[in-house]
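Numbering-wise (my numbering), the sequence shown opens with residue 1392 and increments by one.
As structure tokens, the structure follows; a few thoughts come after it.
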Amino acid sequence: MAANPKKIWLLRHAQTEWSVDGRHTGSRSDVPLTESGERMARDLNPIVSDRTFDLVLVSPMQRTRRTAELAGILEGAEFDDNLLEWDYGDYDGITTGEIRETVPGWTIWNGTCPGGETAEQVAARARAVIDRALSVEGDVALVSHGHYLRVLGATWLGMAPQHGADLMLSTGTISVLGFEHEYRTIIHWNQLVKGMTKEST
């Protein structure tokens, strides 16, 4: 079987005040980028802006829209609610440390979010996005959020969504999914722009 050259590019939005503070910033909180975040997003531009994507999908939150805009891939993009961050329910806007004051040992991966989504519900949205990405012939770019993209990465590999715990993902980074022959692979993960060149991708 011939190698499949298709790649799915994942851009996590750049820095926000809440990401710096470690607050769970879910689908209910629409916070802007910081000044540093704006610089981070601009740094993505030389790597992605002149690439040809058959499809660009962006979470509709302002932090993802602005990241896509500064990266140079917002024009012609589609907003897709399936790319929204995990709905943290009652835990939106608070930190893991604060949650552990009442739920010792809690993590997003082993716990629940009262009034929010389960890991399996997030994975179902990720599968829908993957199916859409695979329905077009060329490369695809997805601009989304940290926990969501970690679930999507695990889902891409056929793993349970809880394995997103193994896929650390920083703000303002690029990850690339692809194939080795017929097998789904991770080509790059959690790459800062300074660690990438056009030739390496």
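Even glycine gets a Cβ: it sits at the ideal position worked out from N, Cα and C.
Straight-line gap, residue i to residue j (C-alpha atoms, nearest Å)
i            : j            : result
residue 1392 : residue 1512 : Bear in mind that the predicted position of residue 1392 carries a pLDDT of just 43, short of 50, making it unreliable; the figure below should be weighed with that in mind. In a straight line, the C-alpha of residue 1392 is about 34 Å away from that of residue 1512.
residue 1479 : residue 1502 : 11 Å
residue 1526 : residue 1476 : 23 Å
residue 1405 : residue 1564 : 8 Å
residue 1578 : residue 1557 : 16 Å
residue 1515 : residue 1543 : 9 Å
residue 1561 : residue 1580 : 10 Å
residue 1524 : residue 1504 : 28 Å
residue 1428 : residue 1555 : 24 Å
residue 1494 : residue 1541 : 23 Å
residue 1497 : residue 1481 : 14 Å
residue 1438 : residue 1492 : 42 Å
residue 1575 : residue 1430 : 32 Å
Of the listed residues the options, nearest to residue i (C-alpha basis)
i            : options                   : result
residue 1471 : 1447, 1427 and 1584       : 1447
residue 1533 : 1572, 1550, 1488 and 1567 : 1567
residue 1569 : 1557, 1562 and 1547       : 1547
residue 1467 : 1482, 1492, 1449 and 1474 : 1449
residue 1460 : 1433, 1492 and 1444       : 1433
residue 1402 : 1495, 1519 and 1474       : 1474
residue 1420 : 1438, 1507 and 1429       : 1507
residue 1409 : 1537, 1518, 1492 and 1583 : 1537
residue 1521 : 1549, 1495 and 1438       : 1549
residue 1528 : 1444, 1492, 1494 and 1576 : 1444
residue 1489 : 1412, 1583 and 1576       : 1412
residue 1551 : 1517, 1573 and 1535       : 1517
residue 1396 : 1573, 1583 and 1535       : 1573
Extent of the continuous alpha helix (DSSP H) run through residue i
i            : result
residue 1675 : Residue 1675 lies beyond the residue range present for the chain, which begins at 1392 and ends at 1592; the question has no answer from this structure.
residue 1428 : 1426-1439
residue 1408 : 1408-1412
Limits of the unbroken beta strand (DSSP E) element including residue i
i            : result
residue 1582 : 1574-1582
residue 1532 : 1531-1535
residue 1461 : Premise fails: residue 1461 lies in the alpha helix (DSSP H), 1453-1462, not in any beta strand (DSSP E).
residue 1444 : No beta strand (DSSP E) holds residue 1444; DSSP gives it neither H nor E.
Beta-bridge partners of residue i, as assigned by DSSP
i            : result
residue 1513 : None; residue 1513 has no bridge partner.
residue 1400 : 1532 and 1567
residue 1469 : 1448
Own chain partners of residue i with C-beta closer than 8 Å, once the 5 adjacent residues on each side are dropped
i            : result
residue 1423 : 1407, 1453, 1454 and 1457
residue 1553 : 1500, 1501, 1510 and 1545
residue 1519 : 1473
Proximal residues to residue i (C-beta, below 6 Å), its chain only, five neighbours per side dropped
i            : result
residue 1398 : 1530, 1567 and 1569
residue 1463 : 1436 and 1440
residue 1417 : 1476, 1477, 1478, 1479 and 1483
residue 1451 : 1470
residue 1400 : 1532 and 1567
residue 1465 : 1459
Chain-order list of residues whose beta-carbon lies under 7 Å from that of residue i (same chain, five-residue window excluded)
i            : result
residue 1414 : 1484, 1485 and 1486
residue 1559 : 1581
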